[in-house]
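There are 2 protein chains.
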Amino acid sequence: MKALAVLHAAQLVTLAGPARPRVGPELAELAIIPDGGMLIRDGVIAAVGSSAEIAPQIPADAEVVNGSGCVVLPGFVDAHAHPVFGGNRVEEFELRARGASYEEIAAAGGGIRSTVRKTRAASEAELRAQTLKHARWFLQCGTTTVEAKSGYGLTTADELKLLRVIRSLQVETRLELVPTFLGAHAIPEEFTDRREEYVQLVINEMLPQVVQEGLAEYCDIFFERGYFDEDTTRRVLTAAKGHGLKLRMHVDQLTNSGGAALAAELGAATADHLEQTEADGIQALARANVQPVLLPGSVYALGKTRYPRAREMIEAGLAVVLATDFNPGSSQTPSIPMVLSLAATQMKMTPAEGVTAATINAAYSLQRGDSIGSLEPGKVANFSMFDCADYRELAYYFGVPLTHSVYVRGERVFGAAS
Amino acid sequence: MKALAVLHAAQLVTLAGPARPRVGPELAELAIIPDGGMLIRDGVIAAVGSSAEIAPQIPADAEVVNGSGCVVLPGFVDAHAHPVFGGNRVEEFELRARGASYEEIAAAGGGIRSTVRKTRAASEAELRAQTLKHARWFLQCGTTTVEAKSGYGLTTADELKLLRVIRSLQVETRLELVPTFLGAHAIPEEFTDRREEYVQLVINEMLPQVVQEGLAEYCDIFFERGYFDEDTTRRVLTAAKGHGLKLRMHVDQLTNSGGAALAAELGAATADHLEQTEADGIQALARANVQPVLLPGSVYALGKTRYPRAREMIEAGLAVVLATDFNPGSSQTPSIPMVLSLAATQMKMTPAEGVTAATINAAYSLQRGDSIGSLEPGKVANFSMFDCADYRELAYYFGVPLTHSVYVRGERVFGAAS
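Each protein sequence line maps, in turn, to chains A and B. Sequential numbering of the first sequence, starting at 1, is according to the numbering used here. Sequential numbering of the second sequence, starting at 419, is according to the numbering used here.
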């Protein structure tokens with residue numbers, strides 16, 4: 001494999017720093033190198049510095065990318081997404097525009113359940129094709145790693161189908177997918193009057209098979225009124241931990257149910273959503289070193305106005321993560337730049353804090369902080385180039401496709417050479 | 419020029435209908451042809467129908483575009499934009515993320531005035547290059563006509579410079595620009611204590627020269643506390659009308675100043691913004707047949723939550739228009755699909771209403787409803803193809819670059835052939 005070099009990036013945004021998630025004022029420290037350069041050998045970053053420092057180290061036969069006028073960032077790491085599903089929910093979207101609430105639509109058999117019907121009806125090949133389209137979107141938006149949840153199958157066979165699609169896609173796309181088992185996403189229709197039976201199925205049948213096939217790194221659950229209650233959540237996640245899975249949790253999205261405190265108690269890696277979380281929940285997360293994963297795309301897409309309290313979380317020392325929550329019902333964006341815009345305009349996070357939250361902090365939340373999330377020697381050469389000279393433009397403009405090109409392990413997977 | 423044909427579009431969204439702006443329930447009528455086809459000769463639409471109807475009419479040497487799996491729409495018409503400016507305002511954007519208000523930043527010499535300084539310092543060539551970049555963004559987002567305001571020069575020479583850039587760009591880009599003179603955008607710094615002198619300059623020097631050189635079709639003004647008051651607005655716009663210009667107005671954006679009623683009284687073509695407009699203003703617009711131009715991008719980007727009352731306006735029979743308000747301070751998006759997302763999620767307009775508001779209704783607001791804004795025989799062949807099978811996906815997904823290709827007068831100006 002020929003060496004690859006980048007020279008003359010207007011800003012090489014390295015995110016170099018301590019080997020741990022960034023907290024407090026560290027979130028704003030991006031370690032930017034102006035007129036930056038980078039040398040890559042065998043898909044791994046060999047050297048990072050000014051163009052003047054890097055140029056003499058470049059082998060004669062290396063491919064050299066001209067970064068003039070461009071910002072270079074670590075590939076975005078999207079730590080919360082639901083990219084595998086059948087169909088879409090444009091009909092419900094239209095109903096919501098006409099005034100129906102998300103909860104009303106769910107109560108009428110829509111919502112997650114409607115995607116479950118379409119996902120069950122889809123073959124593995126169909127799901128693979130649709131997810132591949134989503135994978136191209138992620139790459140096009142500059143993201144190189146995505147956490148991918150199951151949760152639209154809700155039978156043992158269908159949950160395994162989704163997780164196998166995720167695994168098989170690692171052959172077809174260069175986007176890295178981190179699999180999470182979310183069998184406890186909703187109670188499926190056929191178990192409406194037998195909720196406990198479904199929970200037993202998740203614990204006694206799905207979990208063991210998922211683990212046996214090595215199909216997931218994490219287990220997640222939707223802890224929310226009408227979905228899974230505290231006792232059930234405790235049982236499912238304790239079982240998952242017993243199987244060696246790490247934990248992520250959907251908490252405090254629609255109601256403040258003490259989800260943040262429960263995530264802290266259970267030692268989850270992340271507590272996700274947190275729109276309704278108050279000061280006590282934030283303190284609980286801080287004490288237990290749980291990373292909050294904030295999903296402003298879903299607040300926006302549901303037409304709500306209560307965003308998670310990002311500033312309080314940063315001030316409390318939490319290692320905040322931003323993610324898309326890409327899914328067909330409540331957050332139909334695969335774009336981290338769009339999330340950076342939402343974070344700045346709706347949650348008062350600066351563009352720098354947003355970039356940290358969607359790169360190095362996200363990488364640590366997926367236990368990959370040692371290999372991705374920053375541009376430092378020894379790390380995997382996942383990076384994205386954008387057609388702008390200042391990284392802040394990624395949050396400042398919105399709806400503009402600024403991505404110039406995207407590289408995974410030192411190979412270009414989107415965009416043209418330059 | 420060879421004939422061009424489109425066949426097998428999943429949805430050919432024609433917007434065919436009466437030769438006037440659409441009101442009330444008409445806003446939701448898109449006149450969609452499934453498996454649609456279109457024949458184009460000399461840049462003009464010759465026939466529209468099902469693929470079965472169109473196929474036999476296609477000459478043997480025509481170029482045939484395969485629309486399978488794609489939605490085809492009239493090119494979007496963006497009826498309110500400020501695409502000519504120097505620099506950007508990322509620093510202020512960061513300050514706002516840190517908690518400063520738009521008004522505070524403006525009071526400290528930022529806001530419009532900071533862009534005025536950068537725009538005055540830029541040469542005509544520099545402005546042309548930057549505006550050309552913006553033009554590419556508009557085309558990439560599926561827009562083929564953009565209203566383009568001056569207003570960042572605020573001296574006679576600089577206002578003329580901006581309008582000349584707009585005119586000269588018509589040679590360099592296929593994006594159609596409709597020029598509007600907005601000398602009354604703000605009181606420039608050097609006139610802070612001589613406001614009336616600046617108004618005199620606008621009326622007695624700028625307006626006559628703009629008209630003499632034929633540089634504008636419309637005159638606009640920012641009617642708002644701290645900018646231009648009612649008496650001044652009346653004088654400037656009456657003078658503009660006397661010179662034969664048509665009127666557009668920025669009204670009721672930050673405060674309800676009775677701007678809608680004033681627009682009605684002055685016979686403006688459009689009243690734009692209207693975030694603070696109440697029922698009486700809506701009724702005034704209805705009585706005078708003024709088209710409201712709604713700009714949800716600026717509400718979003720300023721982190722505000724009060725959107726214009728789109729539903730009340732539709733119910734009152736107004737021919738609603740949606741536009742981007744693309745500008746460096748308060749709406750940094752050139753994307754109509756992004757605006758369709760905002761309209762659906764934040765203003766409860768359906769995707770169909772949004773599409774009508776950003777095509778045929780926008781075209782009529784610029785006195786171009788007879789030539790663009792719908793796909794009907796005799797109209798200019800401006801159209802955009804999107805990588806989705808249902809037009810609603812354009813509002814449903816956000817931050818996703820769905821544009822497949824864009825055509826102006828029957829020639830492809832963005833994307834690949836298919």
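Glycine residues also receive a C-beta, built at the ideal position from the N, C-alpha and C atoms.
### Message
Our contact map puts B/His426 next to B/Gly485 with C-beta atoms below 8 Å; I'd like the distance itself, whole angstroms only.
### Response
5 Å
### Message
Please confirm whether B/Glu565 has its beta-carbon closer than 7 Å to some beta-carbon of chain A.
### Response
no
### chain B contact residues for A/Ala97, given Cβ-Cβ distances below 9 Å
Ala761, Ala762, Thr763, Met765, Lys766, Met767, Thr768, Pro769, Glu771, Gly772, Ala813
### Query
Taking only beta-carbon atoms, is B/Pro819 less than 7 Å away from chain A?
yes
### Query
Got a sec: which bits of the segment 547-566 of chain B sit with their beta carbon under 9 Å from any beta carbon on chain A, in order along the chain?
Lys551, Trp555, Gln558, Cys559
### Query
Among B/Ile463, B/Leu600, B/Glu607, B/Ala543, which one has its Cα closest to the Cα of B/Ala526?
Checked all of B/Ile463, B/Leu600, B/Glu607, B/Ala543; the closest Cα to B/Ala526 is B/Glu607.
### Message
With DSSP as the reference, identify every bridge partner of A/Thr180, one or two as the case may be.
### Response
A/Lys149, A/Tyr218
### Query
Nearest to B/Pro452 by alpha carbon, out of B/Arg440, B/Leu692, B/Leu491, B/Pro439?
Selected option, being the one with the closest Cα: B/Leu491.
### Query
Does the distance from the CB of A/Thr422 to the CB of B/Glu512 come in under 7 Å?
Nothing in the structure corresponds to residue 422 of chain A, since chain A is present only between 1 and 418.
### Assigned exposure category for A/Met1 - 16 Cβ within 10 Å defines buried
So A/Met1 counts as exposed.
### Query
So is B/Gln381 in contact with chain A if we call contact Cβ pairs under 7 Å?
In the structure displayed, chain B extends from 419 to 836; residue 381 of chain B sits before or after that span and is not available.
### Message
Measuring straight from C-alpha to C-alpha, what distance separates B/Ala737 and A/Asn256?
### Response
42 Å
### Message
Taking beta-carbon pairs under 9 Å, can you tell me which members of the segment 473-507 of chain B lie near chain A?
### Response
Against chain A - using a Cβ distance shorter than 9 Å - the residues of the segment 473-507 of chain B are Asn506, Arg507.
### Message
Quick check on A/Ser51: does DSSP put it in helix, strand or coil?
### Response
helix
### Query
Thinking C-alpha only, which one of A/His250, A/Arg392, A/Asp158, A/Ala60 is nearest A/Val13?
Selected option, being the one with the closest Cα: A/Arg392.
### Query
Taking buried to mean at least 16 other C-beta atoms within 10 Å of its own C-beta, is B/Gly685 buried or exposed?
exposed
### Neighbour list for B/Glu512 in chain A, Cβ cutoff strictly below 7 Å
Thr350, Pro351, Arg392
#### Entry: Beta bridge counterpart(s) of B/Glu481 as assigned by DSSP
B/Leu422
### Query
Would you report the Cα separation of A/Val146 and A/Glu315, rounded to the nearest angstrom?
27 Å
### Message
Comparing C-alpha positions only, which one of A/Val64, A/Arg167, A/Asn382 sits nearest to A/Glu217?
### Response
A/Arg167
#### Entry: Contact set between B/Met756 and chain A, taken where Cβ atoms lie within less than 9 Å
Met338, Phe398, Gly399, Val400
### Query
Going along the chain, which residues of the segment 101-117 of chain A sit with their C-beta nearer than 7 Å to a C-beta in chain B?
For the segment 101-117 of chain A, which is checked against every Cβ of chain B, not one residue is closer than 7 Å.
#### Entry: Contact under 7 Å by Cβ, A/Ser371 with A/Val380
yes
### Message
Along the chain, where does the alpha helix (DSSP H) containing A/Thr233 start, and where does it finish?
### Response
230-242
### Query
DSSP on A/Thr115, reduced to helix/strand/coil?
helix
### Message
What would DSSP say about A/Phe398, mapped onto helix, strand or coil?
### Response
coil
### Query
Nearest chain A C-beta to B/Gly721 closer than 7 Å, yes or no?
yes
### Query
Given B/Pro477, which residues of its chain have a CB within under 6 Å of its CB, disregarding the five upstream and five downstream residues?
Ala421
### Message
Does B/Glu542 come out as helix, strand or coil in the three-state DSSP assignment?
### Response
Looking at B/Glu542 - three-state DSSP - the assignment turns out to be helix.
### Message
Rounded to the nearest angstrom, what separates B/Ala679 and B/Phe641 at their Cα positions?
### Response
12 Å
### Task
Could you tell me whether the Cβ of B/Ser748 comes closer than 7 Å to any Cβ of chain A?
False, the Cβ-Cβ gap to chain A never drops below 7 Å.
### Message
Determine, for B/Thr777, whether the minimum Cβ-Cβ distance to residues of chain A falls below 7 Å.
### Response
Not one chain A Cβ lies under 7 Å of B/Thr777.
### Task
Could you pull the start and end residues of the beta strand (DSSP E) that B/Leu457 belongs to?
450-459
### Proximity of A/Leu201 and A/Cys219 at Cβ, strictly below 7 Å
no
### Task
Give me the Cα-Cα distance between A/Asp387 and B/Leu448, rounded to the nearest whole angstrom.
36 Å
### Query
Measuring CA to CA, which of A/Cys70, A/Ala121, A/Pro25 is closest to A/Leu459?
No statement about residue 459 of chain A is possible, as the shown extent of chain A runs from 1 to 418 and does not include it.
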